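>
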Amino acid sequence: MSTIYRKGPLPRYYQLKEIMREKISNRDWQPGQLIPSERELSEQYGMSRMTARQAITELVNEGLFYREQGKGTFVSRHKITQQLLHLTGFTEDIRARGQRPSTKVLSMSMSPADEKTADYLRIKPGQLVFTLQRLRLADDEPLAIEVSHLNFIGCEKLLEEDLEQHSLYQLLETRYGMILIEAEQELEAGLISSKESEKLKVPIGSPALYTRRTAYIERNQPIEYARSIYCGRKYVFYTSLKREQLFS
Ligand code: GLP
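For what it's worth, the UniProt record's numbering labels the leading residue of the sequence shown as 1, then goes sequentially.
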């Protein structure tokens, strides 16, 4: 598809999306390249700017494009990728993508650990842990909601930290001397619920990726148990696999 069919059954924004998708897949538009503006696209394909904007916005939401304020819209290198091999935090993942991470703290408290959290953190249920709920964004686009529970001596001091301006992992390592060395993470497919859809600005029922992470400091001691919900359309988890020599 390279032109817009006016009489066809497909809406124009959808056709433009397909045209742009093709430009990406056949490398006409290279990763990192600035794409034409809404005005240019609307003139070239004979449609309103609003229609062109809708097509661009949907491809931003799908992770194929990303926006830079004041600069324009660019072709993504690939969807935002979280490496499953390296223990990285959200801020690092997004920066590695050349995007700007930001955070909205939804709640922060010292609250009693439920059975599951206590089990993961290897503490007694009811023990007070630092609980942080955050909305995580990349270039101002909401990507994930994360609830982290932390347990270490002095964790209540985190209540005084500005967790909108600072990365949790960076604070843990630089201010609290908590050096994370490994983590276990589970992934599960799901659907965005109505509560999450409001915060993540995606339709109810769109694909979601649920993760549960337990992060450890030295000597195999868990200090963080976190549950996250990522927008499935915007996120990719990457892992590389090595086959062991089973046959010789
Ligand atoms: C990831 C993990 C969370 C962790 C966060 C730290 O998103 N799923 O468990 O809390 O990274 O990110 P940051 O250092 O940006 O606060």
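Even for Gly, the Cβ is constructed at its ideal location relative to N, Cα and C.
Predicted, not measured: the structure shown is a model, and the values here were computed from it.
Going along the chain, which residues of its own chain have a beta-carbon closer than 6 angstroms to the beta-carbon of T91, five neighbours each way excluded?
Within the sequence shown, numbered from 1, the residue matching residue 91 stands at position 91. So the list reads P101 and S167, once near-sequence residues are dropped.
> Would DSSP call Y13 helix, strand or coil?
Counted from its first residue, the sequence shown places residue 13 at position 13. Three-state DSSP puts Y13 in a helix.
> Does the distance from the C-beta atom of A138 to that of I94 stay below 7 angstroms?
Here residue 138 refers to the residue found at position 138 when the sequence shown is read from its first residue. Here residue 94 refers to the residue found at position 94 when the sequence shown is read from its first residue. Yes; because the gap between Cβ atoms is below 7 angstroms, this pair is in contact.
> Just the Cα atoms here: how many angstroms apart are L187 and K201?
Taking the first residue of the sequence shown as 1, we reach residue 187 at position 187. Taking the first residue of the sequence shown as 1, we reach residue 201 at position 201. Between L187 and K201, the C-alpha separation is close to 22 angstroms.
> Would you kindly report the start and end of the unbroken beta strand (DSSP E) that includes S111?
Here residue 111 is taken as the residue at index 111 of the sequence shown, counted from 1. It spans P101 to P112 - the beta strand (DSSP E) in which S111 sits, taken as one unbroken run.
> Using the Cα positions of S194 and I204, report the straight-line distance between them to the nearest angstrom.
As a first step, residue 194 must be located in the sequence shown, where it is residue number 194. As a first step, residue 204 must be located in the sequence shown, where it is residue number 204. Roughly 5 angstroms between the two C-alpha positions.
> Indicate whether Y216 and E182 have their beta-carbon atoms separated by less than 7 angstroms.
As a first step, residue 216 must be located in the sequence shown, where it is residue number 216. As a first step, residue 182 must be located in the sequence shown, where it is residue number 182. Taking 7 angstroms as the Cβ cut-off, Y216 and E182 qualify as a contacting pair.
> Given 6 angstroms as the limit, tell me if A189 has its C-beta closer than that to any heavy atom belonging to the ligand GLP.
In the sequence shown, the residue the question calls residue 189 occupies position 189. False, no ligand heavy atom lies under 6 angstroms from that Cβ.
> Over what stretch of residues does the alpha helix (DSSP H) that includes F90 continue unbroken?
Position 90 of the sequence shown holds residue 90. Where F90 is concerned, the enclosing alpha helix (DSSP H) stretches over F90 to A96.
> Counting pairs of Cβ atoms below 8 angstroms between the region 40-50 and the region 114-121, do you hit three or more?
With the cut-off at 8 angstroms, the region 40-50 and the region 114-121 do not touch.
> Tell me which residues share the same chain as R233 and place their Cβ nearer than 8 angstroms to its Cβ, disregarding the 5 neighbours each side in the sequence.
Within the sequence shown, numbered from 1, the residue matching residue 233 stands at position 233. Here the set comprises N61, E62, G63, V202, S206 and P207.
> In whole angstroms, give me the CA-to-CA distance for residue 270 and D114.
There is no way to answer for residue 270, as the model of the chain reaches only from 1 to 248.
> If we ignore side chains and look at the alpha-carbon of each, how far apart do A144 and G32 end up?
Counting from one through the sequence shown, the residue named residue 144 turns up at place 144. Counting from one through the sequence shown, the residue named residue 32 turns up at place 32. Roughly 23 angstroms separates the two Cα atoms.
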